[in-house]
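So that you can map any letter, position 205 of the sequence shown is 286 in my numbering, and since no number is skipped, the others follow by simple counting. Have a look at the structure below before the remarks.
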Amino acid sequence: MKYIALLLVFICKLALAQSDSIAVINLSDTTKKSKFVPPLIFGDVMFGKSFGFMAGTSLNYQIKKSLITLRFVSVYEIRSKPAHVLLPIPVIYSRESREEAAILFGRRIIRSGTSMSFSMGLSTSQLQLYDRQSGTTTSPPYYLGFPFEASMIVFNKIKQRYRVFYGLIPILKPTALSRSIGLKITGNISKHSYVGLGLNVGLGYHKVYDE
């Protein structure tokens, strides 16, 4: 009888220990399932200077330290001259625009609230030329190129709440979605090469934040 009682006590303790471990495992599994880590996806718009005015937008996706970028860039160059020696009003005599669509692959390194990246890829572009004297616009065939870019951006170091009314009132919970601002050197090696410097602003998931 004594041994049976001891056996029952042992079985009860084992059952309790097993139930506790199952509860811990279930809690851990629930925590893992409930924890959502957003992918590193962010977009930006860029305005800057090349041979003329330069504007562009891009969508970026990061896997570990590898960066994939879809980019669209337009470069506008206007040539003008004074209408008359005594009347220095500029008159446009030619206009040139380049439209580029590209995919780039590169590396992105994150340090706290900043990141640096460098990418190269393949692009297709079209050049449009307008001549005022003849009044014609010519569009040569699309041409291939090798786009490149290097950028440095700044974003939130930690998760922050959105603010309204000029940033005075915080709302919602702290989020990984963050605005960004930075500088970007962008260019293309092709039949009609260019390089420029621009200011870019963006929005997205720039890093994986610690809870």
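C-beta atoms are modelled at their ideal positions from N, C-alpha and C, and glycine is treated no differently.
{"Query": "Whole-angstrom distance between Arg244 and Ile184, CA atom to CA atom", "Result": "34 Å"}
{"Query": "Exposed unless 16 or more other CB atoms sit within 10 angstroms - verdict on Asp125", "Result": "buried"}
{"Query": "Nearest residue (CA-CA) to Tyr286, options Ile234, Phe128 and Phe227", "Result": "Ile234"}
{"Query": "Three-state secondary structure assigned by DSSP to Asn281", "Result": "strand"}
{"Query": "C-beta contact flag for Gly129 and Gly263 at 8 Å", "Result": "no"}
{"Query": "Beta-ladder partner(s) of Phe128, from DSSP", "Result": "Ala136 and Leu280"}
{"Query": "C-beta contact flag for Arg160 and Pro228 at 8 Å", "Result": "no"}
{"Query": "Extent of the continuous beta strand (DSSP E) to which Val235 belongs", "Result": "Tyr224 to Phe236"}
{"Query": "Own chain, CB closer than 6 Å to Pro221, minus 5 neighbours either side, in chain order", "Result": "Leu208"}
{"Query": "Local conformation of Gly268 per DSSP, three classes", "Result": "strand"}
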